[in-house]
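Structure first, commentary second.
In the numbering used here, the protein residues as written are 8 to 284.
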């Protein structure tokens with residue numbers, strides 16, 4: 008396996024930190040650490056985040072079953088992998104770079120008795136450790152933005168996806184035709200130079216032979232979600248004393264506000280994209 012790229016290594020170090028693990032496991036939906044689909048501004052983060060997982064699975068339900076192999080790239084704590092295994096009977100591999108998250112995820116799998124259905128693998132999506140044509144479904148939630156070489160990630164996705172298989176994913180994106188300069192505060196927060204966009208993913212996946220099935224645009228959820236997390240952080244700040252550093256909390260609050268502002272100004276995009284091989 009090749010060495011991790013700088014961007015991936017940066018993400019690995021961040022998610023392995025005690026501050027990040029505590030923050031995401033306690034405040035950002037627990038086992039689901041991605042943008043949620045909210046029905047109201049005050050809906051619990053966990054409920055909205057799980058709705059995203061359920062909706063993604065619905066969109067590719069024709070490909071999910073007991074004989075299906077699913078690869079979740081950037082799988083976090085393994086929440087989506089467990090959901091797909093429990094609700095559809097599929098065999099799921101969660102490929103994730105944070106060893107800290109992976110250990111927490113493995114404990115969850117053991118507690119839920121899913122050892123025969125879900126496997127968590129240490130690794131990264133720029134160098135997927137599986138042979139070509141290995142999976143009927145490749146899945147990803149809000150992870151590819153952490154790559155400094157997204158074209159390489161898409162190469163790897165297409166390589167391991169079986170003919171007739173589907174790639175279902177979400178990713179916080181730049182709106183089409185928005186310059187990186189307009190997103191600088193957000194990019195600084197995630198320590199990247201660029202983000203993908205709907206147009207980027209459409210062009211790159213079509214160029215690799217995939218056909219777009221759907222793009223459910225839920226961009227309105229971006230500022231809603233980050234504002235919800237910001238309010239959760241304020242509400243539970245005293246409980247986090249001694250568990251998360253004050254510097255981390257301060258930086259997180261600033262970062263969340265940048266996401267809210269950029270999302271409200273129409274500079275970001277987000278939704279569920281499905282492409283078929």
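Note that beta-carbon positions come from the ideal geometry of N, C-alpha and C, so glycine has one too.
Being a predicted model, the structure only gives us computed values, none of them experimental.
- Taken in chain order, the unbroken stretches of alpha helix (DSSP H) that lie wholly in the region 82-147 and span 4 residues or more are 86-95 and 106-118.
- Looking at the DSSP output, residue 152 sits in no beta bridge, so it has no partner there.
- 41 is the residue among 41, 19, 26 and 17 whose C-alpha sits nearest the C-alpha of residue 231.
- Taking residue 155 as the centre and dropping the five residues before and after it, the same chain places the C-beta of 12, 13, 14, 15, 199 and 200 closer than 8 Å to its C-beta, in chain order.
- Counted as a single uninterrupted DSSP element, the beta strand (DSSP E) harbouring residue 221 occupies residues 218-224.
- Under DSSP, residue 259 forms no beta bridge with any residue.
- Judged by DSSP in its simplified three-state form, residue 170 adopts strand.
- DSSP places residue 193 in the helix class (H, G or I) of the three-state scheme.
- Here residue 249 is exposed: its Cβ has fewer than 16 other Cβ atoms, across all protein chains shown, within 10 Å.
- In this structure, the alpha-carbon of residue 38 lies about 17 Å from that of residue 50.
- DSSP places residue 158 within a helical segment (H, G or I) once states are collapsed to three.
- Where residue 236 is concerned, there is no enclosing beta strand (DSSP E), although the alpha helix (DSSP H) around it starts and stops at 228-242.
- Measuring C-alpha to C-alpha distances from residue 282 to each of 59, 211, 87 and 268 identifies 211 as the nearest.
- Under the 10 Å beta carbon count, residue 64 is surrounded by 16 or more other beta carbons and is classified as buried.
- Here the region 52-63 does not lie against the region 117-128, with fewer than 3 beta-carbon pairs under 8 Å apart.
- Beyond the five residues adjoining it in sequence on each side, residue 270 comes within less than 6 Å, by CB distance, of 229 and 230 in the same chain, given in chain order.
- For residue 215, the secondary structure class from DSSP, reduced to helix, strand or coil, is coil.
- For residue 62, the uninterrupted alpha helix (DSSP H) segment begins and ends at 52-66.
- The bridge partners DSSP lists for residue 79 are 101 and 146.
- Beta-bridge pairing by DSSP links residue 202 to no other residue.
- Only exposed fits residue 170, as fewer than 16 other CB atoms lie within 10 angstroms of its CB.
- Nearest neighbour of residue 227 by Cα position, chosen from 87, 268 and 214, turns out to be 268.
- The count of Cβ pairs closer than 8 Å, one atom from the region 273-282 and one from the region 212-221, reaches three, so the stretches are in contact.
- Nearest neighbour of residue 159 by Cα position, chosen from 181, 135, 168 and 149, turns out to be 135.
- Distance between residue 66 and residue 55, taken at the CA atoms: about 17 Å.
- Excluding sequence positions up to five before and after residue 157, its CB lies within less than 8 Å of the CB of 151, 203, 207 and 211, all in the same chain and listed in chain order.
- The secondary-structure analysis by DSSP pairs residue 176 across a beta bridge with 147 and 280.
- Proximity to residue 263 across 233, 68 and 164 peaks at 233, based on C-alpha coordinates.
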